[in-house]
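Student: Numbering (full-length UniProt numbering), first residue to last: 1 to 360.
We put the beta carbon where it would ideally sit given N, CA and C, even for glycine.
Dropping the structure in here first, questions after.
If you want it as structure tokens, here you go:
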């Protein structure tokens with residue numbers, strides 16, 4: 001058992017606390033990771049606000065890069081000293097999706113069996129099964145993906161969630177490719193990930209849509225060829241105008257509300273694709289004329305974690321970053337200390353940052 005400092009959400013909407021947590025020695029199939037960097041993601045804020053579930057207290061943080069500190073019995077994929085990026089999709093290998101050769105859709109992903117705890121023994125619920133706002137964390141070995149140790153932790157750790165979700169939404173789920181026209185609605189971390197993915201895949205025209213001029217400027221840095229300020233223009237008409245009146249081959253909704261999804265639906269070309277990667281709240285409902293769904297054809301998809309396979313995608317994307325072909329470093333707005341997470345949530349809420357990254 002090791003005592004470390006960690007960021008804990010104790011109740012719905014309450015400011016987070018930096019407190020002592022206890023990390024057990026790894027059991028069978030488990031790994032303790034010494035965290036080097038962890039991004040501040042909107043999902044962590046959703047946990048704090050009770051938007052995921054009510055299993056407080058939460059140990060927040062999940063976009064982690066670090067070094068394996070110790071391993072439990074039966075662990076063969078990593079060893080102490082390995083540099084890893086953590087994922088929240090440790091595939092089981094035996095569920096019906098895995099058996100059909102579709103492990104990216106695994107229905108029974110793994111987490112550590114033991115709990116990390118507070119001083120009084122209260123078990124913590126780690127965000128997305130990771131809990132990375134801590135000096136060390138306990139995860140299942142399948143949540144560890146080795147990447148090149150020369151990569152910068154604050155950058156490649158972001159592959160653990162939001163950036164991967166965006167890149168994967170465009171490339172894995174949406175199938176963006178050379179010559180395509182792609183529109184992305186919502187240009188935060190996930191949306192700009194989709195823009196970077198579309199650019200990396202060779203899309204000919206990439207249209208960024210947001211109401212915030214600063215986010216639209218960020219989008220240009222990631223490869224957007226055109227921008228649409230949704231506060232000043234009709235999103236659907238603007239995208240159609242920029243695509244010869246037809247609509248985009250692929251539209252990614254990185255916001256996840258009925259209004260933006262409806263815009264995405266009508267802003268795509270006939271037989272085009274819509275990908276929903278923004279996460280809706282449970283109360284949201286969508287109404288579309290069923291005849292329009294039928295008549296426009298194409299595909300309506302949702303993208304969960306960018307349909308990624310961490311052991312395939314993380315090393316590949318880390319290598320592309322190191323080659324200068326994927327500008328992951330531009331997602332890092334600032335590096336902060338563990339005590340600054342609450343302030344980082346406020347900056348994120350105000351739209352001042354793409355990613356604050358806690359570094360140790």
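Can you name the start and end residues of the beta strand (DSSP E) that residue 250 belongs to?
Tutor: In the chain shown, the residue the question calls residue 250 occupies position 250. Note, residue 250: beta strand (DSSP E), 248-253.
Student: Over the uninterrupted alpha helix (DSSP H) stretch that includes residue 362, give me the two end residues.
Tutor: Any question about residue 362 goes unanswered here, given that the chain covers just 1 to 360.
Student: Restricting to Cα atoms, I'd like to know which of 216, 131, 319, 306 is closest to residue 161.
Tutor: Your numbering for residue 161 matches position 161 in the chain shown. Nearest option by C-alpha distance: 306.
Student: Hey, out of 33, 275, 53, 156, whose CA is closest to residue 254's CA?
Tutor: Walking along the chain shown from the start, residue 254 turns up at place 254. Out of 33, 275, 53, 156, 275 has the C-alpha closest to the C-alpha of residue 254.
Student: Does the beta-carbon distance from residue 23 to residue 138 come in below 8 Å?
Tutor: Position 23 of the chain shown, counted from the start, is the residue given in the question as residue 23. Position 138 of the chain shown, counted from the start, is the residue given in the question as residue 138. Yes. Within cutoff.
Student: Could you tell me the distance, in whole angstroms, from the CA atom of residue 68 to the CA atom of residue 12?
Tutor: For the purposes of this step, residue 68 is taken as the residue at position 68 of the chain shown. For the purposes of this step, residue 12 is taken as the residue at position 12 of the chain shown. Approximately 32 Å, taken between the alpha carbons.
Student: Per DSSP, what kind of secondary structure is residue 204 in: helix, strand or coil?
Tutor: As a working note, residue 204 is residue 204 in the chain shown. Residue 204: coil per DSSP, three-state reduction.
Student: Under 8 Å, with one C-beta from each stretch per pair, do the region 300-318 and the region 151-169 reach the 3-pair mark?
Tutor: As far as the Cβ criterion goes, the region 300-318 touches the region 151-169, which means the pair count is three or higher.
Student: Could you tell me which uninterrupted beta strand (DSSP E) segments, each at least 3 residues in length, are contained entirely in the region 296-354, listed from first to last along the chain?
Tutor: 299-302, 332-336
Student: Residue 181 and residue 75 - do their beta-carbons sit closer together than 8 Å?
Tutor: Working through the chain shown from its first residue, we reach residue 75 at position 75. Working through the chain shown from its first residue, we reach residue 181 at position 181. Going by beta carbons, residue 75 and residue 181 fall outside the 8 Å limit.
Student: So, with DSSP's three-state summary, where would you put residue 127?
Tutor: By one-based count along the chain shown, residue 127 stands at place 127. Helix at residue 127.
Student: Identify the continuous beta strand (DSSP E) that holds residue 272 and give its terminal residues.
Tutor: As a working mapping, residue 272 is identified with position 272 in the chain shown. Element bounds for residue 272: 268-276.
Student: If I measure Cβ to Cβ from residue 359 and keep anything under 6 Å in the same chain, skipping five residues before and after, which residues do I get?
Tutor: Taking the first residue of the chain shown as 1, we reach residue 359 at position 359. The answer, listed in chain order, is 37, 154, 335.
Student: Look at the alpha carbon of residue 257 and the alpha carbon of residue 213, and state the distance between them as a whole number of angstroms.
Tutor: Within the chain shown, numbered from 1, the residue matching residue 257 stands at position 257. Within the chain shown, numbered from 1, the residue matching residue 213 stands at position 213. Computed Cα separation, rounded: 20 Å.
Student: Where does residue 62 sit, in a helix, a strand or coil, going by DSSP?
Tutor: In the chain shown, residue 62 corresponds to position 62, counting from 1. In this structure, residue 62 counts as coil in the three-state DSSP scheme.
Student: According to the neighbour-count rule (16 or more other Cβ atoms, all chains shown, within 10 Å of its Cβ), is residue 14 buried or exposed?
Tutor: Taking the chain shown and counting its residues from 1, one reaches residue 14 at position 14. So residue 14 ends up on the exposed side.
Student: With three or more beta-carbon pairs closer than 8 Å as the criterion, would you say the region 37-46 touches the region 343-351?
Tutor: Yes: at least three Cβ pairs fall under 8 Å.
Student: Kindly indicate which residue of 328, 267, 164, 49 has the alpha-carbon position closest to the one of residue 281.
Tutor: Numbered from its first residue, the chain shown carries residue 281 at position 281. Ranking the options by Cα distance to residue 281, first place goes to 49.
Student: Less than 8 Å between the CB atoms is what I'm expecting for residue 246 and residue 269, so what's the real figure, rounded?
Tutor: Start at 1 with the first residue of the chain shown, and residue 246 comes out as number 246. Start at 1 with the first residue of the chain shown, and residue 269 comes out as number 269. Right, their Cβ atoms sit about 5 Å apart.
Student: Can you have a look at residue 204 and say buried or exposed, based on whether 16 or more other CB atoms are within 10 angstroms of its CB?
Tutor: By one-based count along the chain shown, residue 204 stands at place 204. Per the 10 Å Cβ criterion, exposed.
Student: Kindly indicate which residue of 148, 195, 250 has the alpha-carbon position closest to the one of residue 217.
Tutor: Numbered from its first residue, the chain shown carries residue 217 at position 217. For the residues 148, 195, 250, the minimum Cα distance to residue 217 belongs to 195.
Student: Based on Cα-Cα distance, which residue from 249, 21, 312, 327 lies nearest to residue 117?
Tutor: Here residue 117 refers to the residue found at position 117 of the chain shown. Closest option to residue 117, Cα to Cα, is 21.
Student: Unbroken alpha helix (DSSP H) runs of length 4 or more, entirely within the region 165-196: which are they?
Tutor: none
Student: Which residue's Cα is closest to the Cα of residue 341: 273, 229, 134, 188?
Tutor: Your numbering for residue 341 matches position 341 in the chain shown. The residue from 273, 229, 134, 188 with its alpha-carbon nearest to that of residue 341 is 134.
Student: Going by other Cβ atoms of all chains shown within 10 Å of its Cβ, with 16 needed for buried, is residue 149 buried or exposed?
Tutor: As a first step, residue 149 is located in the chain shown; it is residue number 149 there, counting from the start. With fewer than 16 Cβ atoms within 10 Å of its Cβ, residue 149 is classed as exposed.
Student: Which residues in the same chain have their Cβ closer than 8 Å to the Cβ of residue 321, if we skip the five residues on either side of it in sequence?
Tutor: On the chain shown, residue 321 is found 321 positions in, with the first residue counted as 1. Correct list, in chain order: 151, 155, 156, 327, 328, 329.
Student: Using CA coordinates, which residue listed in 145, 208, 2, 267 is at the minimum distance from residue 88?
Tutor: Locating residue 88 in the chain shown gives position 88, counting from the first residue. Looking at the Cα atoms, 145 is the closest of the given residues.
Student: DSSP has residue 279 in a bridge; who is on the other side?
Tutor: Start at 1 with the first residue of the chain shown, and residue 279 comes out as number 279. Note: residue 279 sits in no beta bridge, so no partner.
Student: Using 8 Å for Cβ pairs, my map puts residue 3 next to residue 59. What's the rounded Cβ distance?
Tutor: Within the chain shown, numbered from 1, the residue matching residue 3 stands at position 3. Within the chain shown, numbered from 1, the residue matching residue 59 stands at position 59. At roughly 14 Å, the Cβ-Cβ gap does not stay under 8 Å, so residue 3 and residue 59 are not in contact.
Student: In or out: residue 99 buried (at least 16 other Cβ within 10 Å) or exposed?
Tutor: In the chain shown, the residue the question calls residue 99 occupies position 99. Looking at its Cβ environment, which holds fewer than 16 other Cβ atoms inside 10 Å, residue 99 is exposed.
Student: Sort 272, 312, 163 by Cα distance to residue 192 and report the nearest one.
Tutor: Position 192 of the chain shown holds residue 192. Of the listed residues, the one whose Cα sits closest to residue 192 is 163.
Student: Of the residues 312, 265, 93, 113, which one's Cα is nearest the Cα of residue 362?
Tutor: The structure shown does not extend to residue 362, since the chain is modelled only from 1 to 360, so the question has no answer here.
Student: Among the candidates 232, 259, 230, 16, whose CA atom is the shortest distance from the CA of residue 286?
Tutor: Reading the chain shown from its first residue, position 286 is the one you call residue 286. Ranking 232, 259, 230, 16 by Cα distance to residue 286 puts 259 first.
Student: Sort out for me which residues DSSP pairs residue 110 with in a bridge.
Tutor: As a working mapping, residue 110 is identified with position 110 in the chain shown. Under the DSSP definition of a beta bridge, residue 110 partners with 90.
Student: Residue 235 to residue 227, Cα distance in whole Å?
Tutor: Along the chain shown, one-based indexing puts residue 235 at 235. Along the chain shown, one-based indexing puts residue 227 at 227. Rounded to whole angstroms, residue 235 to residue 227 spans 10 Å at the Cα level.
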